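Start counting the sequence shown at 3; every next residue gets the next number (the working numbering).
Where is the CB? At the ideal position from N, CA and C, for every residue including glycine.
All of these numbers come straight from a predicted model, not from anything done at the bench.
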Amino acid sequence: MTILPHLLLTTLGVQVLGLEGKDIVLAYTFGYGIDLVDHQIKLPLYLRKNGKKNEKHYHWRTPLQEPVALMWIIPLSVYVGTYVPALFFVSHFALDYMVSYEKRPFYPFTTYSTEGILTKYSDLSKEVCVCVVCGALSLTLGYDEILKLASTIFS
């Protein structure tokens, strides 16, 4: 999925769990920011292969975005003493596995690939649904805070 559903789901998770401090940083790092690192790794390879032309369904993923990454994220979670990195990473790859491009869940250990889940529905419809649901729930959960902020601004 694109960045927006990841951002909205991570924001909703932070709200629901009532995270504070370093846990918020870890949530956004593993629920959202993992894409920013991963795509920077693949960018030189893409440019070498394609130059500036667009290749639809280019395989942008590295093992950083696949379930196999839990092999280092779970020990990291234990080390830092919080479940947040593992939970938000799982939410990240769960969203990614909803879209129809190729995924390699156990790469580099095997080249097995899958197209993910919910393949009968368009990627756009899945993204829109996730954005609407997460956005609506986030606004609902933060409604009191929004009212407080509005009253502060307009008083």
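Residues bridged to residue i [DSSP beta-bridge criterion]
{"i": "Thr154", "result": "According to DSSP, which records beta bridges pairwise, Thr154 is partnered with nothing at all."}
{"i": "Lys54", "result": "Beta-bridge pairing links Lys54 to no other residue."}
Beta carbon of residue i nearer than 7 Å to that of residue j
{"i": "Leu38", "j": "Ala29", "result": "no"}
{"i": "Pro77", "j": "Pro110", "result": "no"}
{"i": "His94", "j": "Ile36", "result": "yes"}
{"i": "Tyr158", "j": "Leu9", "result": "It is not possible to answer for residue 158, since the shown part of the chain is limited to 3 through 157."}
{"i": "Leu11", "j": "Cys131", "result": "no"}
{"i": "Glu129", "j": "Met3", "result": "yes"}
Closest by C-alpha distance to residue i, when choosing among the options
{"i": "Thr84", "options": "Val135, Ser102, Phe32", "result": "Phe32"}
{"i": "Glu68", "options": "Val86, Ser115, Leu139", "result": "Ser115"}
{"i": "His41", "options": "Ser79, Ile5, Thr121", "result": "Ile5"}
{"i": "Ser140", "options": "Tyr81, Pro107, Met73, Leu14", "result": "Leu14"}
{"i": "Glu147", "options": "Met3, Gln17, Leu11", "result": "Gln17"}
{"i": "Ala71", "options": "Phe108, Gly53, Leu151", "result": "Phe108"}
{"i": "Val101", "options": "Asn52, Ser127, Thr112, Pro87", "result": "Ser127"}
{"i": "Phe91", "options": "Gly23, Val27, Phe156", "result": "Val27"}
{"i": "Gly23", "options": "Val86, Arg50, Tyr145, Val134", "result": "Val86"}
Classification of residue i by the beta-carbon crowding that lies within 10 angstroms, buried from 16 upward
{"i": "Tyr123", "result": "exposed"}
{"i": "Leu149", "result": "exposed"}
{"i": "Leu143", "result": "exposed"}
{"i": "Ile119", "result": "exposed"}
{"i": "Leu97", "result": "buried"}
{"i": "Ser153", "result": "exposed"}
{"i": "Pro46", "result": "exposed"}
{"i": "Ile75", "result": "buried"}
{"i": "Arg50", "result": "exposed"}
{"i": "Ser157", "result": "exposed"}
Item to complete: Ignoring anything shorter than 4 residues or poking outside the segment 75 to 140, list the alpha helix (DSSP H) runs there in chain order.
Response: 86 to 98
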